[in-house]
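Heads up, the sequence shown is in the numbering used here, so the first residue is 13 and it goes up one at a time. Here a beta-carbon is modelled for each residue, glycine too, at the ideal position from N, C-alpha and C. Have a look at the structure below before the remarks.
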Amino acid sequence: MSVNDSLIFSTAGANPSDADAPTEPCVMLVFGASGDLTRRLLVPALYNLACDGLLSENFVLLGTAIDALDTESFRARMSDDIRQFHTRQSFDEAAWSELVARFHYMPGGFGDLKHFESLKSEVVRLDLLHGARGNILFYFATAPKFFGLLCENLYLSGFKGGTGFRRIIVEKPFGTDLASALQLNRDVLAHWNEDQIYRVDHYLGKETVQNLLAFRFSNGMFEPLWNKNYIDNIQFNVSEVVDVQNRGGYYDSSGVLRDMMQNHMFQMLAYLCMEVPGSFEPDAIRNEKAKLLQSVRVYSPDEVDRFTVRGQYGPQSDDAGSVVKPGYRQEKDVNAQSSTETYAAARLHIDNWRWEGVPIYLRSGKALWKRGTEIIVEFKKAPERIFRGTPVSALGANRLIFHIQPYQGIEIQFQAKVPGPRLNLQRVNMRFGYGDAFKASRYTGYEVMLYACSHGDATLFSRGDLVEAAWRVAQPILSRWSETVPEFPNYARGSWGPIEAEALMDRDARRWHEVITEDVIRAVPLFKDADRFLHEQIILALRPEQLAAGEVVIKKGDVGREMFLLVRGTVEVLDDAGHVIKELSDGDVFGEVGLLTSMPRIATVRAKSAADVFVLAKADFARILRDNPSFAESIKRVAAERYRLVLETEALLTPH
Ligand code: BG6
Numbered sequence: 013m014s015v016n017d018s019l020i021f022s023t024a025g026a027n028p029s030d031a032d033a034p035t036e037p038c039v040m041l042v043f044g045a046s047g048d049l050t051r052r053l054l055v056p057a058l059y060n061l062a063c064d065g066l067l068s069e070n071f072v073l074l075g076t077a078i079d080a081l082d083t084e085s086f087r088a089r090m091s092d093d094i095r096q097f098h099t100r101q102s103f104d105e106a107a108w109s110e111l112v113a114r115f116h117y118m119p120g121g122f123g124d125l126k127h128f129e130s131l132k133s134e135v136v137r138l139d140l141l142h143g144a145r146g147n148i149l150f151y152f153a154t155a156p157k158f159f160g161l162l163c164e165n166l167y168l169s170g171f172k173g174g175t176g177f178r179r180i181i182v183e184k185p186f187g188t189d190l191a192s193a194l195q196l197n198r199d200v201l202a203h204w205n206e207d208q209i210y211r212v213d214h215y216l217g218k219e220t221v222q223n224l225l226a227f228r229f230s231n232g233m234f235e236p237l238w239n240k241n242y243i244d245n246i247q248f249n250v251s252e253v254v255d256v257q258n259r260g261g262y263y264d265s266s267g268v269l270r271d272m273m274q275n276h277m278f279q280m281l282a283y284l285c286m287e288v289p290g291s292f293e294p295d296a297i298r299n300e301k302a303k304l305l306q307s308v309r310v311y312s313p314d315e316v317d318r319f320t321v322r323g324q325y326g327p328q329s330d331d332a333g334s335v336v337k338p339g340y341r342q343e344k345d346v347n348a349q350s351s352t353e354t355y356a357a358a359r360l361h362i363d364n365w366r367w368e369g370v371p372i373y374l375r376s377g378k379a380l381w382k383r384g385t386e387i388i389v390e391f392k393k394a395p396e397r398i399f400r401g402t403p404v405s406a407l408g409a410n411r412l413i414f415h416i417q418p419y420q421g422i423e424i425q426f427q428a429k430v431p432g433p434r435l436n437l438q439r440v441n442m443r444f445g446y447g448d449a450f451k452a453s454r455y456t457g458y459e460v461m462l463y464a465c466s467h468g469d470a471t472l473f474s475r476g477d478l479v480e481a482a483w484r485v486a487q488p489i490l491s492r493w494s495e496t497v498p499e500f501p502n503y504a505r506g507s508w509g510p511i512e513a514e515a516l517m518d519r520d521a522r523r524w525h526e527v528i529t530e531d532v533i534r535a536v537p538l539f540k541d542a543d544r545f546l547h548e549q550i551i552l553a554l555r556p557e558q559l560a561a562g563e564v565v566i567k568k569g570d571v572g573r574e575m576f577l578l579v580r581g582t583v584e585v586l587d588d589a590g591h592v593i594k595e596l597s598d599g600d601v602f603g604e605v606g607l608l609t610s611m612p613r614i615a616t617v618r619a620k621s622a623a624d625v626f627v628l629a630k631a632d633f634a635r636i637l638r639d640n641p642s643f644a645e646s647i648k649r650v651a652a653e654r655y656r657l658v659l660e661t662e663a664l665l666t667p668h
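This is the structure we're talking about:
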């Protein structure tokens, strides 16, 4: 998707014919300019806008922070960092030189009014020099504890008056609990108006998140189904492979509920479940979002116990039992007895006419097996009884899956008849991939935010009432959790999360729908040489199965006809005497030789705990190979290298 296309939608409040106009002229005054956010996201976003001709020629940046830099050293530092953090295919020296020449820096403390007066004089000078028309955009790329102080000092030093706009962009987190968020709103609004405050949630900068509204409201076929009459449940999943990554100090006072759910996930929830707005005007959308979050049930302590689960990752060990990666409590700047959750799952209730009785499940965690953000809308099943007397024993639910990242797309799953004389069904899908339909560009998400803010379009920013509504839902959970000491760690690094999250679903007789991504399939050695198309074919052919503890999955001597991908749980590989020689866990693959030959299995595999697996049957694999002969050649190569198996193409292509 070209940047121009992407911006047409995001600037809903602006005149559509201006969609590829550059940003409004302005001086951007960045507090915290020497910090991580500026170099990783803000500057690369400005650079992208500049490269795409979307940054006004009358734009100028003044950075400030306590660090003793000057304009020259600031420019030098940014010039180093941009080479590391830019997101474009190639680096455009000329565009960068032109941009960085408009960067300035003044050191100073956020509590020092004298410094604010100097900043003011400098802003006036730069405004005149660059023709910024008196417009000032303040960017608070600082810790939240400074937000109130900055608002006050900007006001006291006379920044509010004068011609041109004054807009303040505030980074997350907006408050650390309900009381602090309410206080922060009071502090910020003491001197500034709500329509001057732009609270960032970078998830709203993601194309796939913005598309939730386009999808719902520009297509006639979904909205009539979008309610409790047709939808059984909705699942929001944000899994991260990364751990706390040197952010232990911040994270230990935050946790996943504050860091991901209360903001990013609630934003997606609001988009997906809100009522139809009267127009695409920023406040029409923001009214509906706030109303939706106000309808989410605020839990009693007892409901928190019933409907939420928290977890924390422990260390990862190798086969010999040695720790290869630390657990959360061993991370830098983390309390060794920390009760901070790195994983959370919850069932929420939306108490309104549209969603009453439809469970809304959310889960998110760090140091998990797979990276992926997906929203799964599961429809009510068709009646199975009408298939009695046919080979069909169970029907799967129709699902609409929004793949937010890293794969970006939308998928619909349904049943189709398998060709042949009998009535057999198989799950199939229809899929739209952003990369196939649009020329995809990799943006940081901040381009759209800066662009929209410069045009005064607040659609993508959170209004104070939404933030407060989100905290009202999160607060009782935080409060209840703080009353008890959890038994942490309760999930291993690299796993699918704590087992309690399964129990949450089991109680409702439902299951988390696991989306297997291309990354997962690419990590299987046998498939490493396949392309994206083939990976997707394999993903579609996977069939979910559950194993009971103690169940034998593979028996030595039997002829195997399938491969297993272990999603969750532990299985044991046994020798002839029944001794455990190896344990496999989340993300491991076993039995893959069964896809290649009809040789008997060489070991027994038994489920140690209840486990979820995906099964790839040889018949399906052979079909994929028959349709893609060059893939068969690559499989033969890998089989020879890895398993020392010399295979005939014919054997690979036979279904049995
Ligand atoms: C940030 C959180 O807001 O979002 C991080 O502070 C998290 O902990 C990040 O990793 C996830 O963002 P994304 O865009 O990678 O999903």
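Below 8 Å, enough C-beta pairs join the region 560-575 and the region 610-622 to call them touching: three or more. In this structure, Asp264 has its beta carbon at no less than 7 Å from each heavy atom of ligand 1. Taking 8 Å as the cut-off, the beta carbon of Met273 is found no closer than this to the beta carbon of Tyr215.
Here Lys594 is bridged, per DSSP, to Val585.
In the three-state DSSP reduction, His668 falls in the coil class, being neither helix nor strand. Looking at the DSSP output, His203 shares a beta bridge with no other residue. Per DSSP, the continuous beta strand (DSSP E) segment holding Glu557 begins and ends at 555-559. CA-CA distance, Ile593 to Gly506, rounds to 21 Å. Cβ-Cβ distances below 7 Å link Lys337 to Pro327, Gln328, Arg505 in the same chain, with the five nearest sequence neighbours on each side left out; the list follows chain order. Comparing alpha carbon positions, the residue from Asp213, Phe171, Leu168, Cys163 closest to Arg198 is Cys163.
With respect to Arg443, Gly408 sits apart: the two C-beta atoms are not nearer than 8 Å. Per DSSP, Asp469 is not a residue of any beta strand (DSSP E), being assigned neither H nor E. Straight through space, the alpha carbons of Phe248 and Ala193 are spaced by roughly 25 Å. For Asp93, the enclosing alpha helix (DSSP H) has its first and last residue at 83-97. Here the C-alpha atom of Phe234 lies approximately 12 Å from the C-alpha atom of Ala226. At the C-beta level, His116 and Pro56 stay beyond 8 Å of one another.
Contact fails between the region 69-82 and the region 486-499, because fewer than three Cβ pairs, one in each stretch, are under 8 Å apart. Between Asn441 and Glu423, the C-beta gap is smaller than 8 Å, which places the two residues in contact. At least one heavy atom of ligand 1 lies less than 7 Å from the C-beta of Thr385. With contacts defined by Cβ atoms closer than 8 Å, Leu554 and Phe626 form a contacting pair. Annotation for Gly176: Arg145, Gly146, Asn147 place their beta carbon closer than 6 Å to its own, counting only its chain and skipping 5 residues before and after. Non-local C-beta neighbours of Ser474 in its own chain, meaning closer than 6 Å and more than five positions away in sequence, comprise Arg211, Asp213, ordered along the chain.
Counting every other CB atom within 10 Å of its CB across the protein chains shown gives Phe103 a total below 16, marking it as exposed. Take Glu459, set aside five residues on each side of it, and the residues of its chain with a beta-carbon closer than 6 Å to its own are Ala57, Asn60, Leu61, in chain order. Between ligand 1 and Glu343, a heavy atom-to-CB distance of less than 7 Å is absent.
Spatial neighbours of Leu664 in its own chain (CB-CB distance under 6 Å, excluding positions within 5 residues in sequence) are listed in chain order as Leu637, Ala644. Pro418 is classed as exposed because its beta carbon has fewer than 16 other beta carbons within 10 Å across all chains shown. In this chain, Met517 is not harboured by any beta strand (DSSP E); it is covered by the alpha helix (DSSP H) spanning 512-518. With a threshold of 7 Å, the Cβ atom of Asp271 counts as near ligand 1, since some heavy atom of the ligand is closer than that. Remark: C-beta atoms of Val601 and Phe633 do not approach each other more closely than 8 Å. Looking from the CA of Ala651, the closest CA among Ser621, Thr666, Thr609 belongs to Thr609. For Arg359, the enclosing beta strand (DSSP E) begins and ends at 355-360. Residue burial annotation: Gly267 is buried, with at least 16 other C-beta atoms found within 10 angstroms of its C-beta. In this structure Leu538 is not in contact with Ile387, their Cβ atoms being roughly 30 Å apart against a cut-off of 8 Å. At a threshold of 7 Å, Val571 does not count as near ligand 1, since its beta carbon sits no closer than that to any of the ligand's heavy atoms. Here Leu516 is buried: its Cβ has 16 or more other Cβ atoms, across all protein chains shown, within 10 Å.
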